[in-house]
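Let me begin by presenting the structure, written as C-alpha cells, before commenting on it.
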Amino acid sequence: MRKMTRYLILFLFAMLVTIVLAACSDSGDETATDAKDGNSEKEVTSSEEKVEEKVKLTIGSWRTEDGPKYEKVIALFNETNPNIQVEFSPTKNTEYNTILNTALQAGEGPDIFHLRPYAAGLKLADAGFVEPISDIDGLDQYSENYLAASKGADGEQYGVPLNISSTQFFYNKKIFADQGLEVPATWDEFIEVNEKLLDAGITPIAMGTKEGWLLSLTHGIVGSGVLDGNVFADKLVTGETDFSDPAFVESIEAMNDLKKYFPANSEGLGMDDIRTIFAMEQAAMFPLGSWEIPVVSELNPDLDFGFFPMPSKNGNQSVTTWVDGSFAINAKSKNIEAAKTFLEFLTTKEFGELFVDEFKMISAIPGITSDDELLGELSKTVESSSTPYYWVVNFVSGDPTTKTVLETELQGMYLGEVTPAEVAQKVQGNAEISFEPFK
Amino acid sequence: MKNSSMWSKPFYYVIVFAVATISLYPIFLMFLSSFKTSAEIFKDPLGLPTKFTLDTYRTLMGKVPFDQYFMNSVIVSVTSVVLVVVFCSLAAYYIARFKFSWNNAIFFIFLLGMMIPIKLGIVPLFILMRDLGLINSLWSLIFMNIATGTPLTILILTGFFKTMPIELEEAARMDGAGNLRVLWSVLLPLMRPALGTVVIVNFISAWNDFFFPLIFITEKAKMTIPVGMLSLFGEHSADWGSLFAGLTLASLPMMILFFIASKQFMEGLTAGAVK
Amino acid sequence: MMTTVQTASKKKGRKIGKSWTIHLFPIPALIIYGLFVLYPILAALSYSFYSFNGFSRESFVGFDNFVTLFTTEPYGSMFINAFKHNVLYFGLQMVAMNGLAFILAFIIYKKVKGAEFFKIAFFLPRLLSVIVVGFLWKLILNPNFGTLNILLGRLGLEELQRAWLGDPNTALVSIILVNCWFGLGFGVLIFLAGFQSIPGELIEAARLDGAKGMTMLRKIYLPLMVPSIMIMTVLTFIQSFEAFELVYAMQGSMGEPYYSTDTLAVFFYRLAFGSSTSGSSDALGVGSALAAVLFFFILICTMIFLKFTNKKEVEM
Chain A
1 MRKMTRYLIL FLFAMLVTIV LAACSDSGDE TATDAKDGNS EKEVTSSEEK
51 VEEKVKLTIG SWRTEDGPKY EKVIALFNET NPNIQVEFSP TKNTEYNTIL
101 NTALQAGEGP DIFHLRPYAA GLKLADAGFV EPISDIDGLD QYSENYLAAS
151 KGADGEQYGV PLNISSTQFF YNKKIFADQG LEVPATWDEF IEVNEKLLDA
201 GITPIAMGTK EGWLLSLTHG IVGSGVLDGN VFADKLVTGE TDFSDPAFVE
251 SIEAMNDLKK YFPANSEGLG MDDIRTIFAM EQAAMFPLGS WEIPVVSELN
301 PDLDFGFFPM PSKNGNQSVT TWVDGSFAIN AKSKNIEAAK TFLEFLTTKE
351 FGELFVDEFK MISAIPGITS DDELLGELSK TVESSSTPYY WVVNFVSGDP
401 TTKTVLETEL QGMYLGEVTP AEVAQKVQGN AEISFEPFK
Chain B
1001 MKNSSMWSKP FYYVIVFAVA TISLYPIFLM FLSSFKTSAE IFKDPLGLPT
1051 KFTLDTYRTL MGKVPFDQYF MNSVIVSVTS VVLVVVFCSL AAYYIARFKF
1101 SWNNAIFFIF LLGMMIPIKL GIVPLFILMR DLGLINSLWS LIFMNIATGT
1151 PLTILILTGF FKTMPIELEE AARMDGAGNL RVLWSVLLPL MRPALGTVVI
1201 VNFISAWNDF FFPLIFITEK AKMTIPVGML SLFGEHSADW GSLFAGLTLA
1251 SLPMMILFFI ASKQFMEGLT AGAVK
Chain C
2001 MMTTVQTASK KKGRKIGKSW TIHLFPIPAL IIYGLFVLYP ILAALSYSFY
2051 SFNGFSRESF VGFDNFVTLF TTEPYGSMFI NAFKHNVLYF GLQMVAMNGL
2101 AFILAFIIYK KVKGAEFFKI AFFLPRLLSV IVVGFLWKLI LNPNFGTLNI
2151 LLGRLGLEEL QRAWLGDPNT ALVSIILVNC WFGLGFGVLI FLAGFQSIPG
2201 ELIEAARLDG AKGMTMLRKI YLPLMVPSIM IMTVLTFIQS FEAFELVYAM
2251 QGSMGEPYYS TDTLAVFFYR LAFGSSTSGS SDALGVGSAL AAVLFFFILI
2301 CTMIFLKFTN KKEVEM
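So the protein sequences, as listed, match chains A, B and C.
Following the numbering used here, the numbering of the first sequence begins with 1 at its first residue and continues without gaps.
Following the numbering used here, the numbering of the second sequence begins with 1001 at its first residue and continues without gaps.
Following the numbering used here, the numbering of the third sequence begins with 2001 at its first residue and continues without gaps.
Right, dumping it as C-alpha cells:
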C-alpha cells in the first residue's frame, strides 16, 4: 500500500508537470501561430479566386428542421453564382453552441454560421472568431435596431440579420366566437376574457412553467401589457429605472396571478405539451413566438387561430420583438470572399421573398410581405407597434445571465418558493453586476 | 432445502415477473406509439393504434441514408469492441496476475478516466483529432470508444482475473506455455461470463454514443445512427408518431444484434457457471 | 530439475523467468487511453488556474477559481445543492438498483424457469440510448398525457397523480428511478456472473455441513460475492457523482425545476458550456475548477473504498 501511494504521488506530480506544460504551450502557439495561419490562408484565398475555381461553402446552423428549405435557398443562390457550391449542415439545437464553440476554438468550423443574437453571439465576435463584414453590400437597408443584434463592441458589423421573431398571444378563433368573446383591447379586458373562459370551463391559457425560457418569453409579452409597452423598456435600457421599480414588481405579480388560468399541472408542462394543448383546442390562448405558426398548423391543419398584440392598461398594443439569429462568417474560413458573396445574397429582396414564403417567418429585410394571412398581418404589426424583448436584447450577460435568473426565480415563484418581490430583488441584484447602465 | 423452495419459488416468480413488466413496458410503448398519429398518442396514450402501417417508417428511411448510418455504426462499434477487449485483456492480465510494485498505480491510473467528465477535455481533444487528421474519420470515434471504454473494462476484467484459481495457470506453465498462451488458451476461455459482460457493455456505449460523433463528424456520409436520428428529432418535434418511429429505428438495430448475440453471451454465462 | 520447477512456480521467479515481454501487455491500452482520455483531461484541468473572459484565457490566477467556486454566490449554494442531489443519487441507486439487482441475480441463479427471458428482459432497457430513455420517460411521466398518471387514474389513485418532473419534490427521485430502470440489467449481469463463478464444490461442502438460508448467504454467498459487490458499488458511486446525461436529457442544463434536479456534472456543464439559449458562459475557469474538485473527491473516496474492501477481502 505504501508503495502504491508513492507511485500515485509520482503520478500526480507528473500530472502537474503535464498541466503546466500544456498550459504554457497552449498560450504560446494559440495566439502567435493562429494569427499567422489566418493571414497566409487569406492570401491563398485571393489567388484562388482569380482562377475562378469552384469553391465549397458549408453553413452551420441550429435549425435542423430547415434542411429542405435551405436547399431551395441554395438553388436560388446558384442561379447567379454557379461557381460557389453551398452545403447546409445543421446540428441539434441544444448541442449547437458546444459544437460550434469547440470547432471555432480549434480554428475549424463551417465557413458561414448561424450566430445567436446579441451578447450570446457577440461573445464569439469579441473572441476574434468572426470575420467583420461591414464592407458588404446591402447592410444599409436594415434598421439600426436589427443591425445591433450582431454589431460588435468595436463598431464592426459581424452578421446579416435573418429573421425577426415576435411574441404575442395566439388565440383560438372558434373558441372565442363560441363564447362570444372579443379580442381584448386593454389589460382589464384581457383579464375579463380569462375569467369568462374559466367560468365556461375552458382552460384560458396554454402555458407551462417547466421550461425556464418560456417564462422569460411570457414575461416579455405580459410585461409589455402591465408596463405599458415601450414606456418602461425605454427607461430600463438607459438605466433611468431598474428592476426595483414597483411597476416591475407589479408585472411579476401579474405573472403570478395568471397561474389560475394555466392548465392543470402547469408546473410539469413544457413546450411540446402546451403547443399540443393549444393545437388540440384544449385551451383558448397560447403565449408564444411567431415561429410557432407553421408548427401549430402542421400539428392541427384545421385549427383556426389568430393573434392579438398585448394590450396595456392604457390601451396601447404591442408585440415583443427581437432579431432571432444572423448569419456570420468564420474568421478562419478559407473562402471568405465567396462567403461574403453569399451573405450579400441574403440581403436581397429575392431571398427575402423566398424566405418568407418557405420559412413562414418574418424577414429582417424591410418591405417584404407574406401571402400567409396570419404571418402577413403579424409582419405589419411588427413594423407598426413593437416593443423590444429586452431580456434577450439587453440581459444575456453575466453568469448566470440576468435572463436566466429571471427564469429560475419565476419558476421558484410558481412553485411557491419565492414571492414576486423577491424575484424582482434577485433579478436586480444580478443585473447590477452585469448590466452596464446599472453599475 | 425442499422446504424453502416450496414457499420461495412462487414468491420468486412474482418478483421477476413484476420487474420484467416494468422493464419491458416502456419499450413496448415506444414500438406501439410509432404506429400512432400525434392525436392518437395524446388522446389515448395507452390504446392500440387504429391501423398498422409502415408508412412513417418508409418516409423516415427515405429521408435519411439509414443503411449508410447503419454500416458506419457497425464498423465503429465492432472495431472498437474487438480492440478494447483485446487491449484491456492484456492490460488487466498484467495488472491482476503479476505483482510488480507499480501495478496498483497503473490500475488506478486506468480508473482515473471514470472519475472525471471527459466532456471537459473536448477542446484539447478536438485539436488533437484535427492534428491527427481524424476529423470526419470513423477512426476518431473508434479511438474515443476504446479510450473511454478502457477504465470500466479494466476494472471488470481485473476483478475477474483475480478470482481465477492460480493453480490452473501454473499447470499450463509447467507444460511450457508462455504468457500469451496462458492468457489466450487457459484464462480467457474461463472468463467468458466476464468477457460477455464487457463486450455487451462496450458495444452498447459505442453504438449509442452521440456526443463524439456530434463533435468530430460533420459529413453526412460518416454519421452514425444516433447522430443521424438526432437530426430527425429536430425536424419532427411536433409529429410524435414520426418521433417514436425515429426512436424505434435508432434502437432496433441494437436490439436485434443483442437478440442474435445474447444466446452466445448467455451460453457464456452458463458455461462459466458449470466450471 | 525439481528446484527450477519449484522456483518457477513461485510468483517472483515466474516474472524473472518470463523476461521483459510481459511489460508490453499493458502498452496498447495505456497509449490509447493516455492520448485520448488522460491528455485532454489534464490539459483542460489546467484551465482551472486561469481567468477567462469569454473564450480568451487571460492570466494565471492560482487557486482563485476554487475560492470563487466555494465563496461566491450563487456558485457556493449551487455547489452544495447539487452535491446533496448526488448523494441522494448514490444512496437511492444502491438500494433501488443494486439491492434489487442482487435479489434478481440470486433468483435467476437459483434457476427459475424462463431465466433466459428474464435476463434479456431486465437488460433490454440498457440497450437504449440515454436520449431515447429520457424522451420515453418524459412522455410516460407527462402530467396530462402520461401513462403513469393515466394508470393511477384508472386504479382510482387520483390523489397520487402529479407533475412528476415539474414538482421539485418528485423530479429528482423520478429521474433517479428512471436511471435505476436503465441500469438494473447491468447489475443483474454482474451479480449473476459473480454467483456463477462461485465454485460449486464450495456450496456443496457448505450444504453438507448443514448450512442453509441466511447462514448460507452470510457465510458463503456474501464473502464470495465481494468482488462483484465491490465493482457495482464503485461503479454506482462514480456514476452517481458524474450523473449527467439522463438529467440533461430530461431536464436540460438548468436542473429544472428551480435547480431541484441539479447535479455537480450538470452544474459543471452549465458553467463550462453555457445553456443553449443564453450562449456560452464566461465561467470556463470556475467550471474547470469544479471538475477538478469533483475529480479529486471521487478519486479520494474510491481510494478509501478500495483500501477498505481490499482489507475485507484479505480477512475473508
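Even glycine gets a Cβ: it sits at the ideal position worked out from N, Cα and C.
Model, not experiment: these values are computed from the prediction.
Let me check one thing: in DSSP terms, what residues is residue i bridge-paired to?
i: A:M310; result: A:S318
i: A:M440; result: Since the first and last residues shown for chain A are 1 and 439, residue 440 of chain A lies out of range.
i: A:L57; result: A:V86
i: A:Q179; result: Note: A:Q179 sits in no beta bridge, so no partner.
i: A:K151; result: A:Q157
i: A:I329; result: A:I112
i: C:Y2050; result: C:F2060
i: A:P287; result: A:F169
i: C:T2170; result: In the DSSP output, where bridge partners are listed per residue, C:T2170 has none listed.
i: A:T203; result: A:A283
i: A:N163; result: A:S363
i: A:V323; result: A:I164
Starting from residue i, find everything on chain B with Cβ-Cβ shorter than 9 angstroms and list it in chain order.
i: C:W2181; result: I1022, S1023, P1026
i: A:L139; result: By Cβ distance, chain B contributes nothing, its closest Cβ being about 29 angstroms from A:L139, past 9 angstroms.
Considering only C-alpha positions, which residue in the set the options is nearest to residue i?
i: C:Q2196; options: B:V1199, B:G1113, B:L1190; result: B:L1190
i: C:M2250; options: C:A2206, C:G2200, C:V2133, C:I2080; result: C:V2133
i: C:W2181; options: B:F1017, B:R1130, B:S1023; result: B:S1023
i: A:K380; options: A:I362, A:Y390, A:F395, A:P388; result: A:I362
i: C:I2103; options: C:I2120, C:A2243, C:I2238, C:L2184; result: C:L2184
i: A:T402; options: A:E377, A:D245, A:Q428; result: A:Q428
i: A:T320; options: A:F327, A:P309, A:A328; result: A:P309
i: A:H114; options: A:A339, A:V423, A:F395; result: A:A339
i: B:T1248; options: C:M2232, C:L2128, C:I2203; result: C:L2128
i: A:N83; options: A:A75, A:Y414, A:P132; result: A:A75
i: B:G1092; options: B:L1157, B:I1127, B:D1044, B:I1260; result: Here the sequence assigns Ala to residue 1092 of chain B, which means Gly is not the residue at that position. Here the closest residue by C-alpha is B:L1157.
i: B:L1232; options: A:L378, A:G416, A:A421, A:T64; result: A:T64
i: A:F129; options: C:G2099, C:S2056, C:N2081; result: C:S2056
i: B:M1061; options: B:W1240, B:L1257, B:G1228; result: B:G1228
i: C:Y2033; options: B:I1118, B:A1018, B:V1019, B:F1011; result: B:I1118
i: B:W1207; options: B:N1103, B:L1032, B:M1144; result: B:M1144
i: C:Q2093; options: C:T2233, C:T2261, C:I2022; result: C:T2233
i: A:T348; options: A:E373, A:Y389, A:D357, A:F77; result: A:F77
i: C:I2150; options: B:V1016, B:T1037, B:K1009, B:I1041; result: B:I1041
i: A:V396; options: A:A119, A:L100, A:K313; result: A:A119
i: B:M1254; options: B:L1214, B:I1225, B:Y1057; result: B:I1225
i: A:T98; options: A:G60, A:F262, A:Q85, A:L299; result: A:G60
i: A:D304; options: A:A284, A:P110, A:F243; result: A:A284
i: B:S1033; options: B:W1139, B:V1019, B:T1050; result: B:T1050
Under 8 angstroms Cβ-Cβ, which residues of chain A neighbour residue i?
i: B:I1135; result: E108
I want to verify the contact list: residues of chain A whose CB lies under 9 angstroms from the CB of residue i, in sequence order.
i: B:L1090; result: The contacting residues do not exist; B:L1090 stays about 20 angstroms from chain A at best.
What residues from chain A crowd round residue i, counting only those whose CB sits closer than 7 angstroms?
i: B:T1218; result: S89
So which residues of chain C does residue i contact, with C-beta pairs closer than 8 angstroms?
i: B:A1147; result: I2032, Y2033, L2035, F2036, V2037
i: A:E211; result: G2252, E2256
Interface residues of chain C around residue i at Cβ under 9 angstroms?
i: B:P1213; result: Under the 9 angstroms cutoff, chain C gives no residues; its nearest Cβ is about 12 angstroms from B:P1213.
Cβ contact (3+ pairs, closer than 8 angstroms) linking the region 205 to 224 of chain A and the region 266 to 278 of chain A = yes
Stretch-stretch touch, CB-based, cutoff 8 angstroms, three pairs: the region 1179 to 1197 of chain B with the region 1110 to 1122 of chain B = no
What residue ranges within the region 64 to 146 of chain A form continuous alpha helix (DSSP H) runs of no fewer than 4 residues, ordered along the chain?
-> 67 to 80, 96 to 105, 118 to 126
Cβ contact check for the region 2161 to 2170 of chain C and the region 2132 to 2149 of chain C: 3 or more pairs under 8 angstroms | yes
Of all the alpha helix (DSSP H) runs that stay within the bounds of the region 1063 to 1123 of chain B, which reach a length of 4 or more residues?
-> 1066 to 1097, 1103 to 1112
Segment contact, 8 angstroms Cβ cut-off, at least three pairs: the region 90 to 110 of chain A with the region 363 to 371 of chain A = no
Contained beta strand (DSSP E) runs [length at least 3] in the region 342 to 395 of chain A, N- to C-terminal order | 386 to 388
Can you give, in chain order, each stretch of the alpha helix (DSSP H) that sits fully within the region 1125 to 1189 of chain B and has at least 4 residues?
-> Every alpha helix (DSSP H) stretch that sits fully inside the region 1125 to 1189 of chain B and reaches 4 residues is listed by chain position as 1138 to 1163, 1166 to 1174.
Looking at C-beta atoms only, is the number of pairs between the region 2220 to 2234 of chain C and the region 1155 to 1171 of chain B that lie closer than 8 angstroms three or more?
-> yes
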